[in-house]
Structures are given as structure tokens and as C-alpha cells.
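Our numbering numbers the first residue of the sequence shown as 829 and each following residue consecutively.
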Amino acid sequence: MQKSPLFVSLLLFAASQNSHAAPSLTIYNQNFAVVRDFVPLDLKTGVNRVQFPDATAFLEPDSV
829 MQKSPLFVSL LLFAASQNSH AAPSLTIYNQ NFAVVRDFVP LDLKTGVNRV
879 QFPDATAFLE PDSV
């Protein structure tokens, strides 16, 4: 069965949209939570400095 290029393009487009999902929050009983969010970045070649001023002060550094 041969798939049309349009079908394949639409399938790839739909799959790429999942990476831009809405933010989610999971709260655990052990006094921590997991927040998942999509943050668009415009990274240049070389070293980039990225800041997240809205992040919590209690961020676990190993989780980033």
C-alpha cells in the first residue's frame, strides 16, 4: 500500500504537535510536584544563557 505524500506530511505534522502539549502538574504525597511545560527557545550556535525567572526557588537542580 503506497501512502500519499500529503498523508505522510499530515501524520508528521500531527505527531509534532504533541511536543507542544499544554502544561501539566502532578502532585505527589512526598511533598513534591512535577511540572511539565513547553518553553520555546531560540538557541544560537555556541554557548547560550537561559534564565527561567518564574521557576520556583525549591527547584531540584538534577531534574532540569
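We put the beta carbon where it would ideally sit given N, CA and C, even for glycine.
Computed from a predicted model, the values in this text were never measured in an experiment.
C-alpha gap between residue i and residue j, whole angstroms
i, j, result
"Asn-876", "Asp-870", "9 Å"
"Pro-851", "Asn-857", "20 Å"
"Glu-888", "Lys-872", "26 Å"
"Phe-866", "Ala-849", "7 Å"
"Val-878", "Ile-855", "26 Å"
"Pro-881", "Pro-868", "15 Å"
Residues sharing a beta bridge with residue i, DSSP
i, result
"Arg-864", "Ser-852"
Contacts around residue i, its chain only, beta-carbon distance under 7 Å, and the 5 residues preceding and following it disregarded
i, result
"Leu-853", "Ala-861 and Val-863"
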